[in-house]
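A.B. asks: Questions regarding the structure given below will be posed in turn.
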Amino acid sequence: MNYHKHKIYALLIMLTVVFSSWSQSVKQMVAIYTIDESGEGYAAFVGDFVTNAIVKRGEYVAVERTAQFLAELNKEQGFQRTGAVDDSQISRLGKNMGVQMVCAVKVGSIDNQLFISARLVDVETAALKATARPVRFDQTNWEDMENACEAVTASMFGGRNPYSGGQSGRQGQGVGTLSRTHPAEPEMVYVQGGTFLMGCTAEQGTCNGDVSPNHLVTVSDFYIGKYEVTQAQWRAVMGTSIRQQRDKADNSGWSIRGEGDNYPMYYVSWDEVQEFISRLNTLTGKRYRLPTEAEWEYAARGGNKSGNYRYSGSNFVEQVAWFSSNGGDSNHPVGTKSPNELGIYDMSGSVWEWCYDWYGDYGSASQNNPTGPASGSWRVIRGGGWYDSSSDCRVANRSNRNPRLRSDNIGFRLVLAR
Numbered sequence: 001m002n003y004h005k006h007k008i009y010a011l012l013i014m015l016t017v018v019f020s021s022w023s024q025s026v027k028q029m030v031a032i033y034t035i036d037e038s039g040e041g042y043a044a045f046v047g048d049f050v051t052n053a054i055v056k057r058g059e060y061v062a063v064e065r066t067a068q069f070l071a072e073l074n075k076e077q078g079f080q081r082t083g084a085v086d087d088s089q090i091s092r093l094g095k096n097m098g099v100q101m102v103c104a105v106k107v108g109s110i111d112n113q114l115f116i117s118a119r120l121v122d123v124e125t126a127a128l129k130a131t132a133r134p135v136r137f138d139q140t141n142w143e144d145m146e147n148a149c150e151a152v153t154a155s156m157f158g159g160r161n162p163y164s165g166g167q168s169g170r171q172g173q174g175v176g177t178l179s180r181t182h183p184a185e186p187e188m189v190y191v192q193g194g195t196f197l198m199g200c201t202a203e204q205g206t207c208n209g210d211v212s213p214n215h216l217v218t219v220s221d222f223y224i225g226k227y228e229v230t231q232a233q234w235r236a237v238m239g240t241s242i243r244q245q246r247d248k249a250d251n252s253g254w255s256i257r258g259e260g261d262n263y264p265m266y267y268v269s270w271d272e273v274q275e276f277i278s279r280l281n282t283l284t285g286k287r288y289r290l291p292t293e294a295e296w297e298y299a300a301r302g303g304n305k306s307g308n309y310r311y312s313g314s315n316f317v318e319q320v321a322w323f324s325s326n327g328g329d330s331n332h333p334v335g336t337k338s339p340n341e342l343g344i345y346d347m348s349g350s351v352w353e354w355c356y357d358w359y360g361d362y363g364s365a366s367q368n369n370p371t372g373p374a375s376g377s378w379r380v381i382r383g384g385g386w387y388d389s390s391s392d393c394r395v396a397n398r399s400n401r402n403p404r405l406r407s408d409n410i411g412f413r414l415v416l417a418r
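Counted from 1, the sequence shown has number 251 at position 251 by UniProt numbering; the numbering is strictly sequential.
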């Protein structure tokens, strides 16, 4: 009897081993790598925390970051230095490792605040499966860092998010989303960084002299407003209406060119926009700012999804812009024309948009995250407006104004560095 019991126990043990091996084999394999763009040296710790968070879900096998993997990354456009690697390159690297998915984790910094973000790529299709929006953490608190990694993992793989107290969906956070805690915060669209030819290019036609020579520019990841800042958003922060802003202008008899909560804000100077941004950042704890001229043009061209259009999202200006031929001498509510390739609206026409940079001539040298001249008299404006010709609405076109000017055709949108 004991003999048969031992045989049964042995058989059960063998079946347990086989089942364990089988269950291991059907688990999806995920490679995790981390890059630290903050310069603080947290990549290894963040990578370990994310790896642990994925493994404890019991559905995945995490593949260690091997020397071979890192060597392959080094070959891909200087990835270790810039982080400039696209999803198709991640897919090829994942195939080399024999995994089904790759989780690319980034540690970044905005004004000395550290963030963790990530994206999950399907190796077979090179498709983006999920993204995790940036989660801020306290670099002096290891538990906070671990919680941030758990929140990022929950966004992509599901499970408990320690910052929400609930469950996160498996689909993760959308590429174009950031949480908003104040009604004045704009809806943001994620723009993956890359390199582009800035200035007068073939599809732009005959250009003004100030957009030549064209030159290579590289920008890092950032978020940009899906829409121009609206009158309702301005009022929520600054407390003034479009008519009150008009009355501050040098000519208070100027017309109101569109009025309503969803109309773009105008009659705002560059200097006043800085005050709006300062107040909004105080209210939200974030670091919004105006886009640099390079960021603005990269986003207007469609970023790494660019169709090389003359206007932002189309070669037919009427599809994407309110301008002199269809504007009716007035602004229109934001988002009423078609978006560009990234889902951003009104970057051609509507109102001109203030940029961060002082206005200056272009050079021919390649640039990395340029911010314009160190000083100047005029700030850059971009995009054209409701009373401008179609040529003014081209993505390469640029102009300038006194930063103290309030005009009925200049507004703005915001960015948030990733």
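For glycine and all other residues, C-beta sits at the position ideal for the given N, C-alpha and C.
Relative to the C-alpha of G158, which candidate in W378, G209, I54 and D261 has its C-alpha closest?
C.D. replies: The shortest C-alpha separation from G158 is found at I54.
A.B. asks: Under 9 Å between the Cβ atoms of R382 and N397?
C.D. replies: Yes.
A.B. asks: Thinking just about the alpha-carbon of each residue, which of Q100, R119 and E297 is nearest to the one in V107?
C.D. replies: Cα-wise, what sits closest to V107 is R119.
A.B. asks: Pick from R92, R133 and E146: whose alpha carbon is nearest that of V121?
C.D. replies: Minimum Cα distance to V121 is reached at R92.
A.B. asks: What's the gap between the Cα of G166 and the Cα of D388?
C.D. replies: With a pLDDT of 45 at G166, under the threshold of 50, the modelled position of this residue cannot be trusted, and the question is left open.
A.B. asks: Given a threshold of 16 other Cβ atoms within 10 Å of its Cβ, counted over all protein chains shown, does R310 qualify as buried or as exposed?
C.D. replies: It counts as buried.
A.B. asks: Given a cut-off of 9 Å on the beta-carbon distance, is the pair V415 and G225 in contact?
C.D. replies: Closer than 9 Å, so yes.
A.B. asks: On a Cα-Cα basis, can you pick out the residue from E272, K248 and A184 that is closest to T284?
C.D. replies: Comparing Cα positions, the closest option is A184.
A.B. asks: Report the rounded CA-to-CA distance for L280 versus W142, giving the unit in angstroms.
C.D. replies: Approximately 29 Å, taken between the alpha carbons.
A.B. asks: Runs of 4 residues minimum, wholly inside the stretch 295 to 330: which ones carry the alpha helix (DSSP H) assignment?
C.D. replies: As far as the stretch 295 to 330 is concerned, its whole alpha helix (DSSP H) runs of at least 4 residues are 317 to 320.
A.B. asks: Can you tell me whether T292 is helix, strand or coil according to DSSP?
C.D. replies: Three-state DSSP puts T292 in coil, outside helix and strand.
A.B. asks: What separation, rounded to the nearest whole angstrom, lies between the Cα atoms of S314 and G349?
C.D. replies: Between S314 and G349, the C-alpha separation is close to 12 Å.
A.B. asks: Just confirm the distance between the C-beta atoms of V61 and M29, as a whole number of angstroms; I'd bet it's less than 8 Å.
C.D. replies: V61 to M29, Cβ: 5 Å. Contact.
A.B. asks: Y298 and V217 - do their beta-carbons sit closer together than 9 Å?
C.D. replies: The answer is yes: Cβ separation under 9 Å.
A.B. asks: From N409 to A300, what does the alpha carbon distance come to, in whole angstroms?
C.D. replies: When rounded, the distance between both Cα atoms is 18 Å.
A.B. asks: By how many angstroms is the C-alpha of F412 removed from the C-alpha of C393?
C.D. replies: Answer to the nearest angstrom: the Cα atoms are 15 Å apart.
A.B. asks: Would the stretch 251 to 265 count as touching the stretch 224 to 241 if we require 3 or more Cβ pairs under 8 Å?
C.D. replies: Yes: at least three Cβ pairs fall under 8 Å.
A.B. asks: What is the C-beta distance between Y359 and T371, in whole angstroms, given that I count them as a contact (C-beta under 8 Å)?
C.D. replies: In fact, because the Cβ distance is near 13 Å, the residues do not count as touching under 8 Å.
A.B. asks: Name the residue from K56, G258, A104 and P134 whose alpha carbon lies nearest to the alpha carbon of H332.
C.D. replies: For the residues K56, G258, A104 and P134, the minimum Cα distance to H332 belongs to G258.
A.B. asks: Please name the residue or residues paired with S109 in a DSSP beta bridge.
C.D. replies: Answer is L114, bridged to S109.
A.B. asks: Rank I256, N368, N326 and S241 by C-alpha distance to the C-alpha of T292 and give the top, closest one.
C.D. replies: The shortest Cα separation from T292 among I256, N368, N326 and S241 belongs to N368.
A.B. asks: Report the three-state DSSP secondary structure of Q89 (helix, strand or coil).
C.D. replies: Helix at Q89.
A.B. asks: Measure the C-alpha to C-alpha separation of S88 and F222 and round it to an integer number of angstroms.
C.D. replies: Taking the straight line from one Cα to the other gives about 20 Å.
A.B. asks: Less than 9 Å separating the beta-carbons of T131 and S117?
C.D. replies: Cβ distance < 9 Å, so T131 and S117 count as in contact.
A.B. asks: Quick check on V123: does DSSP put it in helix, strand or coil?
C.D. replies: Looking at V123 - three-state DSSP - the assignment turns out to be coil, as it is neither helix nor strand.
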